Amino acid sequence: MIPDAFADAGFTVERLVMDDGFALTLARIGPRYAESGRRPVILGHGVGFATLAYRGLWQTLSQDREVVAVDLRGHGLNAAGIEATPPQARLAADQAAIARHLAAEAGTPPDALFHSYSGVLSLHAEQAEGRLYHRRVFMEPPLIPAGEMEGATEAAAGRDFMAERMKRRRDRFASLEDFARIFRERPEFAWMEPGAPDDLAAAVLVPAEEGGFRLACAPAVESGFYSGNTPEGLWDLLARAKRAPGLVAPSLMIAGRRPAGITADPFTAAITPVAARAGGFDLLQLADITHMLPMERSAFIAAAATAFFDEPAREESAT
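First residue of the sequence shown? That's 1 in the UniProt record's numbering, and the numbers climb one at a time after it.
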């Protein structure tokens, strides 16, 4: 069910059954490919988030193309019944199934706009199944360096720290406003757009049996998404993709340079340019944004994604 805060936006709900029997809920908005002539865009989120919170993205993009908002198992629209963190391979298989479903429906591969961990999963999906998307935009994917890469030990330690921290996360709130107030009052979230804290609350909270609200993604489940984030050959995939364009979807990576005085989450900002160079991808760096970038510069990101999706392929331009 679409939360009340988003019910009037015009979403339709589809349930797509995965090969293990889980019915994954997709929230769809905007004109279909047959009407618009523009490919559908899969919108994915980071750990602890939910796609409907990214109002500025789906509201803008859906004006001239369909947006298919997909919450990971254990999050948002797909939180119910998930008591343990799904394995990374299972989550990647979900991504592949969604892309194949939309490609079969439209007769063309979808585009994709992925925040954080959903982008990592999309690479795992292409590693397993081959190219799945027409074009893809990443927003600060947390790609853990592999093996002897510089910063690998520190990144893994940071990941494990976050996994332990999430286990102790507050998960009960008296009201939606009680949750949103945290993001309005803490200085590290000062760059969020007006209304974004309210959208985030509506997207990630569900009514609690004892009254008030709770996180849809339980802290123990959220913790497992952090500890389960492993590269497992992705850096090799990026190296091969650089040598053989078309092996994976042409991609644009977006990263932020943190505002002065903000020291939180520097890893994703630092690793994104490294990943872009490794894969031969385009890179866009924006000043004064944090890892909350889908809720800080949504209009700009939507415009950049649209330009990238609609740009003629270089090989097409040359003919």
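Ideal placement from N, C-alpha and C gives every residue a C-beta, glycine not left out.
Here the structure is a predicted model, which means the values were calculated and not measured.
A distance below 7 Å between beta-carbons, with the five flanking residues on each side excluded, links Phe173 to the following residues of its chain, in chain order: Phe179, Leu205, Gly212, Phe213.
A Cβ-Cβ distance of about 6 Å is found for the pair Pro142 and Val120, placing them in contact under the 8 Å criterion. Within the model, the alpha-carbon separation for Leu252 versus His134 is close to 12 Å. Under the 10 Å beta carbon count, Met295 is surrounded by 16 or more other beta carbons and is classified as buried.
The alpha-carbon of Ala112 is positioned some 31 Å away from that of Pro187. When DSSP states are grouped into helix, strand and coil, Ser122 belongs to the helix group. Looking at Thr108, Leu16, Ala69, His45, the one whose alpha-carbon comes closest to that of Gly30 is Ala69. Collapsing the DSSP output to three states places His101 in a helix. In the structure shown, Leu132 falls within a coil segment according to DSSP collapsed to helix, strand and coil.
With fewer than 16 other Cβ atoms inside 10 Å of its own Cβ, Phe161 counts as exposed.
In the structure shown, Gln127 adopts helical secondary structure according to DSSP, grouped into three states.
Boundaries for Glu150: no alpha helix (DSSP H) harbours it, and the DSSP string shows neither H nor E there. His124 is positioned such that its CB atom lies closer than 7 Å to that of Ala92. Scanning its chain for C-beta atoms nearer than 7 Å, with the 5 sequence neighbours on each side dropped, one finds around Ser62 the residues Ile29, Gly30, in chain order.
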